[in-house]
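I have placed the structure first, in the form of structure tokens, so that the comments after it can refer back to it.
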Amino acid sequence: MTERALHTHLLVVGGGLGGVAAALTAARLGVRVVLAERSDWLGGQLTTQAVPPDEHRWIETELGSASYRELRETVRAHYRRLYPLAPNAAGDPRLNPGRGNVSALCHEPRVSALAIEELLSAHLASGAITVLREHDVVNVDRRDRQIASVRLRGRDGGTVEVTARLVADATEEGDLLELAGLHYTFGAEPHDETGELHAPPEPDPRDQQAITWCVALEYREGENHTIDRPAGYEHWRDTVDPRWPGPQLSWKDIVPDTGEVRWRPLFAHSPEHAVHTAADDLWHYRRILSRQNLDPSFPGGEITLVNWPQIDYWERPLLGVSPQEREQALAEARSLTRSFVHWMQTEAPRHDGGTGYPELRPRGDVMGTSDGLAKEAYIRESRRIHPLFRVTEAHIGVEMRGPGAGSALFDDSVGIGHYRIDLHPSTAGRGYVDIDCFPFQIPLGALIPVDVDNLVAANKNIGTTHIANGAYRLHPVEWSIGEAVGALAAQVAETAQTPARLRADPASLRRLQRRLRDDLGVTLEWPDDIRTGRS
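Here my numbering is used: the first residue of the sequence shown is 19, the next is one more, and so on.
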């Protein structure tokens, strides 16, 4: 098979939001980039994992990142150009294609993938960015404190050996950390180590958040799209986990922050009435295409994205297990999702008193697959570097810091973010950990490992604890992490400093922050009334 060698300023392994932001930012600053991704799509949790963006309530303002706003507006522009929008939707500057409750921009994963391609297009044409799609990492050559090269293998069996001044691990599970033999953590750290209010008393590497294999469903009135009963269906229909109010194949679930049991059906009203009602039901929760936004002549139905508690898979972990156990976990996660779809089509209580919704049609075409399921599982947790600085609950948690105290201020901030500390039930038997936190900063020290000079973290593998990861793992935060890595790569290319030395030198750090703030439009600190929770 073909073997080739590439040399570049920045190698980004992993084409999720962090990886894309790192590559795009670096290219805009004149840095050559190789971006390697195991899928044929770029975008990670927004596309291949098919999760509409989880964002904070200031996301439509100037706070945050200019390039993340550009991504969001590119998505909206796609719908405005190419869809037969109703007049009210066409004139809405904050068009929400799906009118879903979870986000101001619920939309189809394939449109996200197209938007990302549009943002990268000129840089691909110029050669500033080389994208290696469907390439997996097979080897990392580490020599003391240097990553000498990374070897990747394509689906055709050919290999590419890449050398780079700086390497960014933007993989979904921190793959390079393991392959390079770096120090890393996964699962939960103990209270004695972190001092966190919600940390367990003992370390537990199996305490890993549930994964979710998402699926897209269209409602087709009067049609029957029932899928075959999946193998393992009876297990998911009948098994009751002690943490849960019944089998997962049910409309029952748990309110994450209170533990209350709730009944949340597919439709609070008839599907026809639901088109015009922002109801608190499952259909509206992550709906990605709304008929209310479309001209009545549009022949398709509404589409929703199933990323609901009923398909959280928590029976086996992905990290720290054999490849065979990992593959079994992924297969069982797919089985759970397919079983939930079949249950909804055949046995679920209907809004009108009947049983089953055979009208639900899996929409693989909006997911880039043949069966309606996402290309990959939604993975909430990664291996995490041993960083120069680790973010803990004590830096961001409202309960630990006290009402009105605000989040900790980081002198080396390279971005901002906000989300609740949101940990789903884990493979160790723990239930939800869902607690309030203040709007926070992203410290550069959390992106830099202690034991290597030319590798940085650019995804959920940054230096947070298991608890703090629950707030730092969301879409705009991952994008901002990647954007900081791209700017860092430009300064490393210009000065030959290592990331750690750059951070330690006040003048160099301030230069990086000025570039982020003034040249790239990145907000580095929250207004104090927002940071402290007074707004």
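Backbone N, C-alpha and C fix where the C-beta goes; we use that ideal spot for every residue, glycine too.
Item                                                                                                                                                                    : Value
For residue 58, I'd like the list of residues in its chain whose CB is within less than 7 Å of its CB, leaving aside the five on either flank, ordered along the chain. : 151, 152
Fully enclosed by the segment 167 to 227, which alpha helix (DSSP H) runs are 4 residues long or longer?                                                                : 193 to 197, 209 to 212
Of the choices 408, 472, 527, whose alpha-carbon is the least far from that of residue 483?                                                                             : 408
Return the CA-CA distance between residue 284 and residue 377, expressed in angstroms with no decimal places.                                                           : 12 Å
Tell me which residue opens and which closes the beta strand (DSSP E) that residue 21 is part of.                                                                       : 21 to 31
At 4 residues or longer, and completely inside the segment 420 to 477: list those alpha helix (DSSP H) runs for me, N to C.                                             : none
In terms of residues, what are the limits of the beta strand (DSSP E) holding residue 157?                                                                              : 153 to 161
Considering residue 108, what are the terminal residues of the alpha helix (DSSP H) in which it resides?                                                                : 105 to 108
Give the secondary structure of residue 236 by DSSP, where H, G and I count as helix, E and B as strand, and everything else as coil.                                   : strand
Report yes if the CB atom of residue 498 is closer than 7 Å to the CB atom of residue 460, and no otherwise.                                                            : yes
Distance, Cα to Cα, residue 505 vs residue 472?                                                                                                                         : 14 Å
With a cut-off of 8 Å, do at least 3 Cβ pairs link the segment 226 to 240 to the segment 317 to 324?                                                                    : yes
Quick check: the Cα distance between residue 140 and residue 147, rounded to an integer number of angstroms?                                                            : 9 Å
Got a sec, what are the start and stop residues for the alpha helix (DSSP H) residue 79 sits in?                                                                        : Premise fails: residue 79 is in no alpha helix (DSSP H) and is neither H nor E.
Give the DSSP bridge partners of residue 270, in chain order.                                                                                                           : 281
Evaluate contact between the segment 478 to 493 and the segment 203 to 223, counting only Cβ atoms and requiring at least three cross-stretch pairs below 8 Å.          : yes
Kindly indicate which three-state DSSP category residue 46 falls into: helix, strand or coil?                                                                           : helix
What are the boundary residues of the alpha helix (DSSP H) that includes residue 148?                                                                                   : Element bounds for residue 148: not the alpha helix (DSSP H) but the beta strand (DSSP E), 147 to 150.
Got a sec? Which residues, its chain only, sit under 6 Å from residue 410 by beta carbon, not counting five neighbours each side?                                       : 212, 214, 483, 486
Closest by CA to residue 448, which one among 223, 305, 199, 90?                                                                                                        : 223
Measuring alpha carbon to alpha carbon, tell me which residue in 542, 507, 541, 303 is nearest residue 120.                                                             : 303
Helix, strand or coil: which one does DSSP assign to residue 552?                                                                                                       : coil
List the DSSP bridge partners of residue 405.                                                                                                                           : 467
Do you know how far the Cα of residue 184 is from the Cα of residue 169?                                                                                                : 15 Å
Which residues does DSSP pair with residue 480 in a beta bridge?                                                                                                        : None, per the DSSP bridge assignment.
Tell me where the beta strand (DSSP E) around residue 379 begins and ends.                                                                                              : 378 to 380
According to DSSP, what are the bridge partners of residue 54?                                                                                                          : 31, 150
Using the Cα positions of residue 515 and residue 474, report the straight-line distance between them to the nearest angstrom.                                          : 13 Å
Looking at residue 348: is its Cβ nearer than 7 Å to the Cβ of residue 204?                                                                                             : no
Check the DSSP bridge columns for residue 330 and list the partner residues they point to.                                                                              : 230
Where does residue 123 land, buried or exposed, given buried means 16+ other C-beta within 10 angstroms?                                                                : buried
Terminal residues of the continuous beta strand (DSSP E) containing residue 307?                                                                                        : 305 to 307
Who are residue 164's beta bridge partners in DSSP?                                                                                                                     : 161
How long is the line joining the alpha carbons of residue 163 and residue 29, rounded to whole angstroms?                                                               : 17 Å
I'd like the span of the beta strand (DSSP E) that includes residue 322, first residue to last.                                                                         : 321 to 324
Quick one: what's got a C-beta closer than 8 Å to residue 388's C-beta in the same chain, skipping five residues either side?                                           : 382
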